[in-house]
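Participant: Here it is, the structure, as structure tokens.
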Amino acid sequence: SRMEYDHKSRYAYYELLLLSDSIFDPNTSHMTLMQVLYDLEKIVNEGGVDYMTLLYKTLVNLSSNCIEISHYLDAEKYAYKALVIADENTYMQFPNIGAAFNNYLLSKSFQKAYPVSMFVKEYGKIINLHLYEEDEILIKLNYAGMLLLDDQFDIAYSLIDSIKFDSNKEYDPYYICYYYIDKSISVYLKGDYTIALDLLNQIEQFIPLISPTRKVYYKRYYVI
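Each residue of the sequence shown is one higher than the one before, counting from 389 in my numbering.
Structure (structure tokens):
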């Protein structure tokens, strides 16, 4: 009975540590996530397969964290490891698989590893996967960004316009800001300058909702 209690407590402890990026700045969170990864890899390697999903989550979180602090090679490595785990353990349910795909492609994009047309093609492959809603929004927005870079303005606009936010659900305010930024750019490139400015003005109400510990890192890539 005690062993079962300790097991559940340890599992809950690691789950809690995965939320560190909502509490600490990304550099401090990075150290926490690295320690969690070290612990979980050791547990899984010793036969603790029930920690496999938690290890996967850690790798996805860590890849996102590495993108925030500009460690793109590491971000690519951790996202790839997460995808390998999901591929090798198809009998298990792995959440947010879209985020793992997205982080992998985004890290390669920041490294300028391939031409933009290649990223457009790769995002096109994963856009039709069955994803959790927020993953789908994030991937559509990044896909639209790639389409804009590839001068495919009309397709990008249609993709962004297909994103709908349910008023009864709560969304990451960063995704909402990102949506308005992408949409304003696509509208601007279509020549509707006044509407583009109106869309940018919509962002102001959401900026205070973004975690202050993370806002400075978002500003590296998006003017918000």
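Built from N, CA and C at the ideal position, the CB exists for glycine as well. Keep in mind the model is a prediction, meaning the values are calculated, not measured.
Near Leu597, which residues of its chain fall below 8 Å by C-beta distance, leaving aside the five closest residues on each side in sequence?
Facilitator: Locating residue 597 in the sequence shown gives position 209, counting from the first residue. Excluding sequence neighbours, Leu597 sits near Pro561.
Participant: Just to confirm, are Asn490 and Leu537 a CB contact at a threshold of 7 Å?
Facilitator: Residue numbering aside, residue 490 sits at position 102 when the sequence shown is read from its first letter. Residue numbering aside, residue 537 sits at position 149 when the sequence shown is read from its first letter. No, Cβ-Cβ distance for Asn490 and Leu537 is not below 7 Å.
Participant: So, for Lys496: in the same chain, excluding its five sequence neighbours on each side, which residues have a beta-carbon less than 7 Å away from its beta-carbon?
Facilitator: On the sequence shown, residue 496 is found 108 positions in, with the first residue counted as 1. Once the five neighbours on either side are set aside, the close Cβ partners of Lys496 are Glu464, Tyr502.
Participant: Quick check: what's the CA-CA separation for Met440 versus Asp523?
Facilitator: On the sequence shown, position 52 is the one that residue 440 refers to. On the sequence shown, position 135 is the one that residue 523 refers to. Roughly 21 Å separates the two Cα atoms.
Participant: Roughly how many angstroms lie between the CA atoms of Gln590 and Val448, to the nearest whole one?
Facilitator: Translated into positions along the sequence shown, residue 590 becomes position 202. Translated into positions along the sequence shown, residue 448 becomes position 60. Taking the straight line joining both Cα atoms gives about 30 Å.
Participant: Starting from Leu447, follow the alpha helix (DSSP H) in both directions and report where the run begins and ends.
Facilitator: For the purposes of this step, residue 447 is taken as residue 59 along the sequence shown, with counting starting at 1. Element bounds for Leu447: 440–456.
Participant: Starting from the C-beta of Val611, find all residues in its chain whose C-beta is less than 7 Å away, skip the five residues before and the five after it, and write them out in chain order.
Facilitator: Taking the first residue of the sequence shown as position 1, residue 611 is located at position 223. For Val611, the predicted model reports a pLDDT of 44, less than 50, meaning its position is unreliable; a value from the coordinates is still stated below. Nothing listed; no residue qualifies.
Participant: To the nearest angstrom, how far is the alpha carbon of Tyr581 from that of Ser574?
Facilitator: The count along the sequence shown starts at 1 and reaches residue 581 at position 193. The count along the sequence shown starts at 1 and reaches residue 574 at position 186. Spanning the two alpha carbons is a distance of roughly 10 Å.
Participant: By alpha-carbon positions, which one of Ile455, Leu585, His395, Tyr468 ends up nearest to Asp409?
Facilitator: Mapped onto the sequence shown, residue 409 falls at position 21. The shortest Cα separation from Asp409 among Ile455, Leu585, His395, Tyr468 belongs to Ile455.
Participant: What are the boundary residues of the alpha helix (DSSP H) that includes Lys552?
Facilitator: Translated into positions along the sequence shown, residue 552 becomes position 164. Counting along the chain, Lys552 falls outside any alpha helix (DSSP H), and DSSP gives it neither H nor E.
Participant: Could you name the residues of the same chain whose beta carbon sits closer than 6 Å to that of Tyr511, not counting the 5 residues immediately before and after it, in chain order?
Facilitator: Mapped onto the sequence shown, residue 511 falls at position 123. Around Tyr511: Tyr531, Met534.
Participant: At 4 residues or longer, what runs of the alpha helix (DSSP H) sit wholly inside the segment 557–601?
Facilitator: 561–577, 581–590
Participant: Tell me the DSSP secondary structure of Thr478 in three-state form.
Facilitator: One-based indexing of the sequence shown puts residue 478 at position 90. DSSP places Thr478 in coil when its eight states are reduced to three.
Participant: May I have the straight-line CA-CA distance separating Ser417 from Ile515, to the nearest angstrom?
Facilitator: Start at 1 with the first residue of the sequence shown, and residue 417 comes out as number 29. Start at 1 with the first residue of the sequence shown, and residue 515 comes out as number 127. Computed Cα separation, rounded: 29 Å.
Participant: Among Glu403, His459, Thr446, which residue has its Cα nearest to the Cα of Ala383?
Facilitator: Residue 383 lies beyond the range of the chain shown here (389 to 612); nothing can be said about it.
Participant: Go to Leu421, then tell me how far its alpha helix (DSSP H) extends in each direction, as first and last residue.
Facilitator: Position 33 of the sequence shown, counted from the start, is the residue given in the question as residue 421. 414–433 is the span of the alpha helix (DSSP H), which, as asked, contains Leu421.
Participant: Please identify the residue among Ala488, Phe498, Val437 whose C-alpha is closest to the C-alpha of Asn477.
Facilitator: Walking along the sequence shown from the start, residue 477 turns up at place 89. Ranking Ala488, Phe498, Val437 by Cα distance to Asn477 puts Val437 first.
Participant: Less than 7 Å between the C-beta atoms of Phe541 and Leu587, yes or no?
Facilitator: Counting from one through the sequence shown, the residue named residue 541 turns up at place 153. Counting from one through the sequence shown, the residue named residue 587 turns up at place 199. No, the Cβ-Cβ distance between Phe541 and Leu587 is not below 7 Å.
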